[in-house]
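Residue numbers (this note's numbering): 3 to 138.
Beta carbons: idealized from backbone N, C-alpha and C, even for Gly.
Heads up: the structure comes next, in structure tokens.
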């Protein structure tokens with residue numbers, strides 16, 4: 003009887019040691035993802051009806067940038083006005099474009115840029131801005 007108690011105690015101790023050594027690290031690949039700078043539009047800026055919203059994004063990484071996604075979302079309706087996904091093997095990239103404000107009502111937008119390198123390291127930056135309708 004004493005022998006089976008010792009075996010039971012050793013089994014419990016071994017189980018505790020094994021489970022305490024398991025890794026719970028779900029943080030993904032080590033290191034930083036690509037750096038993102040949204041040069042335009044400025045955060046919290048306002049645009050009048052007919053104004054051109056210039057978009058300029060700089061992506062940079064110590065390695066290949068990989069994939070990037072640029073979205074301009076109407077926060078009132080959640081509709082994507084711009085939805086561009088692409089990939090590059092470059093380590094530095096500038097993306098430029100524009101959009102003309104022709105909204106019928108006051109509208110808040112968010113410009114969100116996400117970049118993911120080939121190792122799966124992801125970065126995200128965003129800016130918000132407001133567009134005025136005609137006559138305001």
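{"Item": "Rounded to whole angstroms, what's the CA-CA distance from residue 125 to residue 138? Just pull it up for me.", "Value": "36 Å"}
{"Item": "Since residue 56 and residue 131 should fall inside the 8 Å C-beta cutoff, what is the C-beta to C-beta distance between them, to a whole number of angstroms?", "Value": "Wrong, their Cβ atoms sit about 11 Å apart, outside the cutoff."}
{"Item": "Can residue 77 and residue 112 be called in contact, C-beta distance under 7 Å?", "Value": "yes"}
{"Item": "Can you tell me the Cα-Cα spacing of residue 58 and residue 52, whole angstroms?", "Value": "19 Å"}
{"Item": "Please report the distance separating the alpha-carbon of residue 120 from that of residue 96.", "Value": "19 Å"}
{"Item": "What residues match up with residue 105 in a beta bridge as DSSP calls it?", "Value": "Residue 105 pairs with nothing; no bridge assigned."}
{"Item": "Throw me the rounded Cβ distance for the residue 45 and residue 129 pair, which I believe falls under 8 Å.", "Value": "4 Å"}
{"Item": "CB-CB under 8 Å to residue 93, same chain, minus the five flanking residues each way: which ones, in chain order?", "Value": "62, 63, 64, 65, 66, 67"}
{"Item": "Let me know if residue 117 comes out buried or exposed under the rule of 16 or more other beta-carbons within 10 Å of its beta-carbon.", "Value": "buried"}
{"Item": "Can you tell me whether DSSP reads residue 117 as helix, strand or coil?", "Value": "strand"}
{"Item": "Does residue 74 pass the burial test, meaning 16 or more other C-beta atoms within 10 Å, or should it be called exposed?", "Value": "buried"}
{"Item": "For the putative contact between residue 102 and residue 40, defined by C-beta atoms under 8 Å, what is the C-beta separation to the nearest angstrom?", "Value": "Contact doesn't hold; Cβ gap of about 19 Å is too wide."}
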